[in-house]
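Worksheet: one structure, shown below.
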Amino acid sequence: MPKVSETIPGELQPRVDAALAWFNASENAENEAFKVTGIVDAEDALRGSDELRLIMCGGDRCEQRSFRVVGTNNAWEVELADDVLAAQGDKPQAELDPPPGVRSSWLDKALSQHAFVVLLFYRGFW
């Protein structure tokens, strides 16, 4: 079972920042400013894996994205590992729930604008 943490280990922060900046500058962000709200299996990345599995939220959506981040602090090379997996025929994990609280600001905003809000929970890709 994957372990999701809301806290990014300090050693991974430069790589996470590089992946986030790359994603926000890409067409995948669709002009939204995403922020990292969690990391999946950080221990794997701390043991030397080039892959970072991040939970990112922006606008009205949260996504789990996997990145390959290699290089040094001044010269990171970033690519979506999801694209590499798709080319190999693998699929990203579907059973991952978002960490608690990632939508709390969205819900507060929606409740202030409407008399009620209907929430639909679906366990799968999100």
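For what it's worth, the numbering used here labels the leading residue of the sequence shown as 3, then goes sequentially. We treat Cβ as the ideally placed atom computed from N, Cα and C, and that holds for glycine. Model, not experiment: these values are computed from the prediction.
In the structure shown, G40 adopts extended strand secondary structure according to DSSP, grouped into three states. Between the stretch 32-45 and the stretch 77-84 there are fewer than three C-beta pairs closer than 8 angstroms, too few to call the two in contact. Taking 9 angstroms as the cut-off, the Cβ atoms of V72 and D52 count as close.
In the three-state scheme derived from DSSP, where H, G and I count as helix and E and B as strand, V71 is classed as strand. A117 carries a coil assignment under DSSP once its states are collapsed to helix, strand and coil. Between the alpha carbons of L14 and W108 lies a gap of roughly 27 angstroms. The beta carbons of S7 and G60 sit no closer together than 9 angstroms. Between the alpha carbons of A20 and T74 lies a gap of roughly 10 angstroms. For R49, the closest of P11, H116, L113 by C-alpha to C-alpha distance is P11. Distances from the CA of A27 to each of R55, C64, E45, L82 were compared; the closest alpha carbon is that of L82. Per DSSP, A77 is one residue of the beta strand (DSSP E) stretching across 77-82.
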